């Protein structure tokens, strides 16, 4: 019997970063594409982790990767907001 793949919080964090970066996460086709990409990444990570498990704590690895991706999401949000006190009219176009 095949074991169900381990759920990685880092995949969810990556999906969140991609959703925010695209700025079109509300369209069903984009959400579906991101979801499929997440499933593929989940499978690749599960296969890779079986080899890495002999050398690293997988839970700690996933937690660290999750923090990194969530940090990247927050960094992008801060950069997009522009300087403190800058009005929406003054914000640079993207």
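Residue numbers (UniProt numbering): 1 to 94.
In this text, a Cβ means the ideal position worked out from N, Cα and C, and glycines have one as well.
The model shown is predicted, which means the values in this text are computed figures rather than measured ones.
Do you know offhand how far residue 57's Cα is from residue 45's?
14 angstroms
Put residue 61 into one of helix, strand or coil per three-state DSSP.
helix
Over what stretch of residues does the alpha helix (DSSP H) that includes residue 33 continue unbroken?
28 to 52
Do you know how far the Cα of residue 16 is from the Cα of residue 68?
12 angstroms
Looking only at its own chain, which residues have a Cβ that is under 6 angstroms from the Cβ of residue 41, when we skip the five neighbours before and after it?
11
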